[in-house]
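Chemist: In the UniProt record's numbering, the protein residues as written are 1 to 293.
Each residue gets a CB set at the ideal place from its N, CA and C atoms; glycine is no exception.
The structure displayed is predicted, hence computed values, not measured ones.
Please read through the structure below; I'll follow up with questions.
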Amino acid sequence: MMRCIASDMDGTLLNSKQKISPANRDAIKLAIEEGIKFVIVTGRSYIEAKEVLDEVGINCPVIGLNGAEVRNEAGEVVYTNLLNPETALNVSKFLNELNIYHEFFTNKGLLTEDYQASIEILVDIFKTANPEISEEEIRNHVKNRGITRNIRNFSDVGDVFKDPTIKFYKILAFDKNDALYKEIGSKLERAMDHIKVTSSGFSNIEINHISAQKGIALERFLDEQGISLQDTMAIGDNFNDVSMLTKVGYSFAMGNAEEDVKQICKFETTRNDEDGVAKAIHTFLEMSKMKRI
Numbered sequence: 001m002m003r004c005i006a007s008d009m010d011g012t013l014l015n016s017k018q019k020i021s022p023a024n025r026d027a028i029k030l031a032i033e034e035g036i037k038f039v040i041v042t043g044r045s046y047i048e049a050k051e052v053l054d055e056v057g058i059n060c061p062v063i064g065l066n067g068a069e070v071r072n073e074a075g076e077v078v079y080t081n082l083l084n085p086e087t088a089l090n091v092s093k094f095l096n097e098l099n100i101y102h103e104f105f106t107n108k109g110l111l112t113e114d115y116q117a118s119i120e121i122l123v124d125i126f127k128t129a130n131p132e133i134s135e136e137e138i139r140n141h142v143k144n145r146g147i148t149r150n151i152r153n154f155s156d157v158g159d160v161f162k163d164p165t166i167k168f169y170k171i172l173a174f175d176k177n178d179a180l181y182k183e184i185g186s187k188l189e190r191a192m193d194h195i196k197v198t199s200s201g202f203s204n205i206e207i208n209h210i211s212a213q214k215g216i217a218l219e220r221f222l223d224e225q226g227i228s229l230q231d232t233m234a235i236g237d238n239f240n241d242v243s244m245l246t247k248v249g250y251s252f253a254m255g256n257a258e259e260d261v262k263q264i265c266k267f268e269t270t271r272n273d274e275d276g277v278a279k280a281i282h283t284f285l286e287m288s289k290m291k292r293i
């Protein structure tokens with residue numbers, strides 16, 4: 001019996017306007033009505049994920065920050081997988097030596113040395129990924145995203161690590177070099193212990209604790225729910241989704257997914273601008289009905 005659907009957000013559930021389409025919303029609600037558990041598994045923080053979910057009236061558990069934080073339907077933190085502060089500092093030094101912009105996802109918000117740089121880099125990345133959208137619209141979206149993310153500027157990175165109350169969930173790095181993930185990511189993993197480097201899009205890398213991976217977090221979540229991985233569908237588009245796509249019984253790649261991601265999935269749906277999640281869910285529900293016959 002098929003019992004759970006796990007979905008990524010950016011490039012998957014969200015369209016190029018960073019919204020959940022009516023078709024995707026309706027498919028999710030139909031699955032929930034049929035008794036299937038729906039869970040978001042994203043690189044976003046809980047605040048960023050919840051804002052988009054609230055717009056369409058979806059309330060569900062959120063595995064956020066690639067598995068660094070898990071929250072239930074009530075928004076309560078169930079558990080966390082944190083980066084050691086010393087490790088986070090060493091990663092930051094490594095990236096600074098290469099002049100790579102990065103920011104820290106923490107319990108005190110998103111911390112950055114250069115907020116304006118973050119805006120310009122994100123505008124450039126969104127323009128590359130969404131050439132059909134005007135720069136003005138992209139810039140407004142990025143600025144609004146900054147408000148949602150509770151961005152805080154700091155002048156000295158050393159000050160961040162002097163505060164013992166700050167908990168480090170994830171480090172997100174951006175660069176216009178499209179080889180960032182393969183080149184810098186592999187160097188980081190060789191140089192540092194207890195970290196996992198993934199990517200969620202063009203020219204970015206995400207650094208988490210080795211246990212903060214979507215697949216590991218989803219497996220733990222399912223175990224606590226009494227649900228088998230084999231009875232679970234997962235859908236995604238990028239490299240930070242691989243750890244969950246390779247674990248579940250029903251893996252769906254988006255039509256816009258990276259080719260390497262498509263290769264490891266059992267099924268492929270349409271693009272994120274073509275209601276790919278809705279189509280995958282309806283396929284999953286049909287397969288579920290056939291299994292009951």
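Give me the DSSP bridge partner(s) of residue 235.
Modeler: 7, 252
Chemist: Give the DSSP bridge partners of residue 197, in chain order.
Modeler: Per DSSP, 207.
Chemist: Specify, as a first and last residue, the run of the alpha helix (DSSP H) that residue 87 falls within.
Modeler: Here the alpha helix (DSSP H) through residue 87 covers 85 to 97.
Chemist: For residue 42, which beta-bridge partners are listed by DSSP?
Modeler: BP columns for residue 42 are empty, so no partner.
Chemist: Where does residue 218 fall in DSSP's three states?
Modeler: helix
Chemist: Grab me the residues of residue 21's own chain with a C-beta within less than 8 Å of its C-beta, minus the 5 sequence neighbours each way, in chain order.
Modeler: Cβ neighbours of residue 21 beyond the five flanking positions: 15, 275, 278.
Chemist: Pick helix, strand or coil for residue 270, following the three-state DSSP scheme.
Modeler: Here residue 270 sits in coil by DSSP.
Chemist: Please classify residue 290 as buried or exposed, where buried requires at least 16 neighbouring CB atoms within 10 angstroms.
Modeler: exposed
Chemist: Where does the unbroken beta strand (DSSP E) through residue 77 begin, and where does it stop?
Modeler: 77 to 80
Chemist: Classify residue 173 as helix, strand or coil using the three-state DSSP reduction.
Modeler: strand
Chemist: Below 8 Å between beta carbons: does that hold for residue 58 and residue 25?
Modeler: yes
Chemist: Determine the extent of the alpha helix (DSSP H) in which residue 70 is found, giving its start and end residues.
Modeler: Here residue 70 belongs to no alpha helix (DSSP H); instead the beta strand (DSSP E) covers 69 to 71.
Chemist: DSSP state of residue 109, grouped into three classes?
Modeler: strand
Chemist: If we count Cβ pairs, one from each stretch, closer than 8 Å, do we get three or more for the stretch 6 to 14 versus the stretch 25 to 44?
Modeler: yes
Chemist: Give the DSSP bridge partners of residue 29, in chain order.
Modeler: Per DSSP, none; premise fails for residue 29.
Chemist: Measure the alpha-carbon distance for residue 281 versus residue 17 and round it to whole angstroms.
Modeler: 21 Å
Chemist: Might you give, ordered along the chain, the residues of its own chain that have their beta carbon closer than 7 Å to the beta carbon of residue 216, omitting 5 neighbours on each side?
Modeler: 67, 243
Chemist: Helix, strand or coil for residue 293? Go by DSSP, reduced to three states.
Modeler: With a pLDDT of 41 at residue 293, under the threshold of 50, the modelled position of that residue is not reliable, and the figure given next carries that caveat. Here residue 293 sits in coil by DSSP.
Chemist: So the alpha helix (DSSP H) residue 298 belongs to, where does it begin and stop?
Modeler: Here the chain covers residues 1 to 293 and nothing more, so residue 298 does not appear.
Chemist: Using the C-alpha atoms, what's the distance from residue 246 back to residue 268?
Modeler: 14 Å
Chemist: I'd like to confirm the pairing. Which residues does DSSP put opposite residue 37 in its beta bridges?
Modeler: The partner list for residue 37 (beta bridge, DSSP) reads 4.
Chemist: Output yes or no for whether 8 Å exceeds the beta carbon distance between residue 273 and residue 258.
Modeler: For residue 273 and residue 258, no; Cβs fall outside 8 Å.
Chemist: Would you grab the beta carbon distance between residue 207 and residue 170 for me? Rounded to a whole angstrom, and I think it's under 8 Å.
Modeler: 7 Å
Chemist: Tell me whether residue 201 is buried or exposed, calling it buried when 16 or more other Cβ atoms sit within 10 Å of its Cβ.
Modeler: Buried is the call here.
Chemist: Is residue 222 near residue 94, with beta carbons less than 8 Å apart?
Modeler: no
Chemist: If you check the beta carbons only, do residue 198 and residue 240 fall under 8 Å apart?
Modeler: The answer is yes: Cβ separation under 8 Å.
Chemist: What first and last residue would you give for the beta strand (DSSP E) that runs through residue 100?
Modeler: Neither: residue 100 is in no beta strand (DSSP E) and is coded neither H nor E.
Chemist: Would you mind sorting residue 293 into buried or exposed? The rule is 16 or more other CB atoms within 10 Å of its CB.
Modeler: Model confidence at residue 293 stands at a pLDDT of 41, short of 50, so the residue's coordinates are unreliable; what they give is reported in the following sentence. Residue 293 is exposed by the Cβ-count criterion.
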